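For the sequence shown, position 115 (counting from the first letter as 1) is numbered 102 according to the numbering used here, and the numbering increases by one without interruption.
The beta carbon of each residue, even a glycine, is placed where N, CA and C say it ideally should be.
As the structure is a computational prediction, the values presented were derived from the model and not from experiment.
Report on one structure; see the data block that follows.
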Amino acid sequence: MAELHFFTGTMDSGKSTLALQTNHNHAARGRVGRIFTSHDRAGEAVLSSRLGLTHDALEVPPDFDFWQYVVSTLTAGGRIDYLICDEAQFYSAAQIDQLAKVVDELQIDVFAFGILTDFRSMLFPGSARLVELADRMNVLQVEALCWCGKRATHNARTENGVMVVEGEVVVVGDVDAVDEPPAEVAYEVLCRQHHRRRLTAARAKAVSLAPEPLPFG
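Structure (structure tokens):
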């Protein structure tokens, strides 16, 4: 029986790498699939991993209809055995419903990959709907780490090196490189404590280098 799978984790937990590996494993067994993504860091219509792996993909705009696409492809004589859906947090709740319908009515496996919460620690609509509908939900075992060494559970956004908790939900950026000037928009994984305190790696480093106050006035 076909199933709707949801693989989730913070940034840097290997979701896109697993999406590419999943596609490889199924294709190697002669199955025919389609790869979808949305707002990938590498640009439009490409699925990329931070390990440097990439694969062509179909971009998912807000008005894309998965059900219509699959039915049209099958009606035209095409074959689809499975769907790989990366960056699924950016899909709408309606699009997740379409994926569930593809699984139930057409018996096509769907493998969705995405993060649960945005930089405000709020659930993405697409991820929330996947939690509600997925036959299997898998939390990735490769744990991303906060700068302090604890398990990272939150995704933080920085603008010019300063952590922000307000703004547009969807803004493309990547993880800041260590010891490089801060990007205009970047992301960093933090533990809950340091996300709550807005204490990024750069800010923690600056605080640790600051001179300690003298014990007298």
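Excluding five sequence positions before and after H(-8), the CB atoms of its chain that fall closer than 6 angstroms to its own CB belong to F98, R123, given in chain order. DSSP places D122 outside both helix and strand once states are collapsed to three, so it counts as coil.
When the Cα atoms are used, A173 and S108 turn out to be separated by approximately 16 angstroms.
DSSP, reduced to helix, strand and coil, places A81 within a helical segment of the structure shown.
Taking all protein chains in view, the Cβ of L61 is surrounded by fewer than 16 other Cβ atoms within 10 Å, so the residue is classified as exposed. Looking at the DSSP output, H26 bridges to nothing. Around the beta carbon of K2, 16 or more other beta carbons sit within 10 angstroms, so the residue counts as buried. Under DSSP, L40 shares a beta bridge with no residue.
Rounded to whole angstroms, the gap between the alpha carbons of G20 and F77 is 21 angstroms.
The DSSP-derived three-state label of F(-7) is strand. In the three-state reduction of the DSSP assignment, R185 falls in the coil class, being assigned neither a helical nor a strand state.
Apart from the 5 residues on each side of it in sequence, S114 sits with its Cβ closer than 6 angstroms to the Cβ of Q76, G101, L103 in its chain, given in chain order. In this structure, the beta-carbon distance from D68 to R18 falls below 8 angstroms. Distances from the CA of V156 to each of G148, L120, N142 were compared; the closest alpha carbon is that of N142. T62 carries a helical assignment under DSSP once its states are collapsed to helix, strand and coil. In the three-state reduction of the DSSP assignment, E92 falls in the helix class. Annotation for N12: the continuous alpha helix (DSSP H) segment containing it runs 2 to 15. Spatial neighbours of T140 in its own chain (CB-CB distance under 7 angstroms, excluding positions within 5 residues in sequence) are listed in chain order as T(-3), C178, R179.
In the structure shown, R144 falls within a strand segment according to DSSP collapsed to helix, strand and coil. Scanning its chain for C-beta atoms nearer than 7 angstroms, with the 5 sequence neighbours on each side dropped, one finds around E74 the residues T24, S25, H26, D27, G101, in chain order.
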